[in-house]
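Numbering (the working numbering), first residue to last: 0 to 96. Cβ coordinates follow ideal geometry from the N, Cα and C atoms, glycine included. Since we're looking at a predicted model, the values are computed, not measured.
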């Protein structure tokens, strides 16, 4: 994070904002999230402590998390051979030749 305490876009595309300067920027940060889909991470001493995202982003993350939990639970019920076959099929679906 820069010493002048300005928001910066990190390599992962998340805008990092020191908590010490976030309050006066909050309206701008909310508009950036809503209009530009820009995720902001509020930082303390350079470490991310909280994220500012849109409600749609959060809702989708909740759905994704629930889906992954169901998928993991279902996968545990399979035999090792079935798990391997499922993994191979998923790789083919995700990365078609």
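- Rounded to whole angstroms, the gap between the alpha carbons of residue 69 and residue 17 is 36 angstroms.
- Straight-line spacing of the CA atoms in residue 83 and residue 95 works out to 18 angstroms.
- The beta carbon of residue 21 sits closer than 6 angstroms to the beta carbons of 41 from its chain, once the five residues preceding and following it are set aside; these are given in chain order.
- Judged by beta-carbon spacing, residue 14 lies within the 7 angstroms limit of residue 37, meaning their Cβ atoms are closer than that value.
- When DSSP reads this structure, residue 16 sits in a beta bridge with 41.
- Under the three-state reduction of DSSP output, residue 51 falls in the strand class.
- Going by C-alpha positions, residue 92 is about 43 angstroms away from residue 24.
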